[in-house]
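Counting in the numbering used here, the sequence shown runs from 101 upward without gaps.
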Amino acid sequence: MISFQKSMFYEMVLHAGPMAKFVLIVLLFMSILSWAVMLAKWFLFKRAERQTKGFLEKFWHSDDLNFVFTQAKNYTRAPVSRIFQEGYLALTKWRDADFSDKNVFSIEDVTESMHKSAYTERLRLGQGMSILATVGNTAPFVGLFGTVWGIMRAFHDIGITGEASLAQVAPGISEALIATAFGLAAAIPAVIGYNYFNHRLREQEVHMEAFITDLANRIRWRYLFGGKKE
């Protein structure tokens, strides 16, 4: 049964018109592209989440920010690690300053550096999302174009022969249906992937904002109120 269905599908594609084949090729390319993006992003978020967990363990189990900074270089895939490094570098500019003077050291200098780094990390993690959104939004319309073209072909064949037999309209109708199927097959996974990875991106954004707040509070307590230096 499955072999018969594959053979039937192959025959439908093989006997499709030039325009229908072009539409199917475009949809196939869009589908492959979206799946490639989803696979790449799955590995990207997987590594980011794993390294984020490892880095946060180092961060919370050490009071020495200099030690955490040296360890952060081992977690280059973790967004919070990169944010920490930028914040720590901003902090070291004031390492030899008199931290008892609040006019000399401003925590906003550090938080601004961290927010800039967080913005860069959002862009990095969000790469490819526009591709998924584009495929999800446009693939059905590309398939619809193929559908309309197939129906036009069916009516054209009827007009030429003057007969509305199944043999006359079947090729055009099959083109229309297969274009619709290809369009949906390309769009549905892309939409699901977009929503899924957008959710994971939101989670990372929450983690980054929470980390910025935690690190800023830690620096504020240690330097502005504790008067200590790393």
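Here a beta-carbon is modelled for each residue, glycine too, at the ideal position from N, C-alpha and C.
N- and C-terminal bounds of the alpha helix (DSSP H) containing residue i
{"i": "N166", "result": "L165 to A172"}
{"i": "W135", "result": "P118 to W160"}
{"i": "K227", "result": "Before going further, note that residue 227 is Gln rather than Lys in the sequence given. Where Q227 is concerned, there is no enclosing alpha helix (DSSP H), given that its DSSP letter is neither H nor E."}
{"i": "Y188", "result": "P179 to T192"}
Closest Cα partner of residue i within the set the options
{"i": "E275", "options": "R224, L189 and I251", "result": "I251"}
{"i": "F145", "options": "L225, S162, A172 and A316", "result": "L225"}
{"i": "V291", "options": "V137, T192 and K216", "result": "V137"}
{"i": "I319", "options": "F143, L133, D209 and L156", "result": "D209"}
{"i": "A190", "options": "E305, Q171 and L165", "result": "L165"}
{"i": "P289", "options": "L139, E305, F143 and K121", "result": "L139"}
{"i": "I312", "options": "F129, R177, S213 and M130", "result": "S213"}
{"i": "V123", "options": "V306, Q304, T280 and H299", "result": "T280"}
{"i": "K216", "options": "L232, F184, K193 and K158", "result": "F184"}
{"i": "A310", "options": "N295, A254 and L156", "result": "L156"}
{"i": "V306", "options": "E221, F241 and G283", "result": "E221"}
{"i": "L223", "options": "K158, I125, L127 and Q304", "result": "Q304"}
{"i": "G283", "options": "H299, M308, T238 and T170", "result": "T238"}
{"i": "R177", "options": "G154, N317, S162 and W160", "result": "G154"}
Anticipated Cβ contact below 8 Å, residue i with residue j, distance rounded
{"i": "K141", "j": "G228", "result": "6 Å"}
{"i": "T152", "j": "P118", "result": "With a Cβ gap of about 51 Å, T152 and P118 do not count as contacting."}
{"i": "A120", "j": "G243", "result": "Actually they are not in contact, since the Cβ atoms of A120 and G243 sit about 11 Å apart, beyond 8 Å."}
{"i": "I278", "j": "A254", "result": "Contact doesn't hold; Cβ gap of about 13 Å is too wide."}
Distance between residue j and residue i (C-alpha atoms, nearest Å)
{"i": "A286", "j": "F297", "result": "17 Å"}
{"i": "K329", "j": "R322", "result": "Per-residue confidence for K329 stands at a pLDDT of 47, beneath the threshold of 50, marking its modelled position as unreliable; no derived number is given."}
{"i": "L301", "j": "W249", "result": "39 Å"}
{"i": "L315", "j": "S230", "result": "32 Å"}
{"i": "F167", "j": "A148", "result": "21 Å"}
{"i": "G293", "j": "T234", "result": "12 Å"}
{"i": "A218", "j": "I132", "result": "31 Å"}
{"i": "A172", "j": "Y188", "result": "11 Å"}
{"i": "F104", "j": "F129", "result": "Bear in mind that the predicted position of F104 carries a pLDDT of just 45, short of 50, making it too unreliable to give a figure here."}
{"i": "E186", "j": "K193", "result": "11 Å"}
{"i": "N174", "j": "R150", "result": "12 Å"}
{"i": "S134", "j": "P240", "result": "14 Å"}
{"i": "L232", "j": "H299", "result": "14 Å"}
{"i": "N317", "j": "V126", "result": "52 Å"}
{"i": "I207", "j": "D163", "result": "18 Å"}
{"i": "H161", "j": "M308", "result": "18 Å"}
Cβ-heavy atom distance, residue i to the ligand MG, below 8 Å
{"i": "K216", "result": "In terms of ligand content, the structure shown is empty, and the ligand MG therefore cannot be addressed."}
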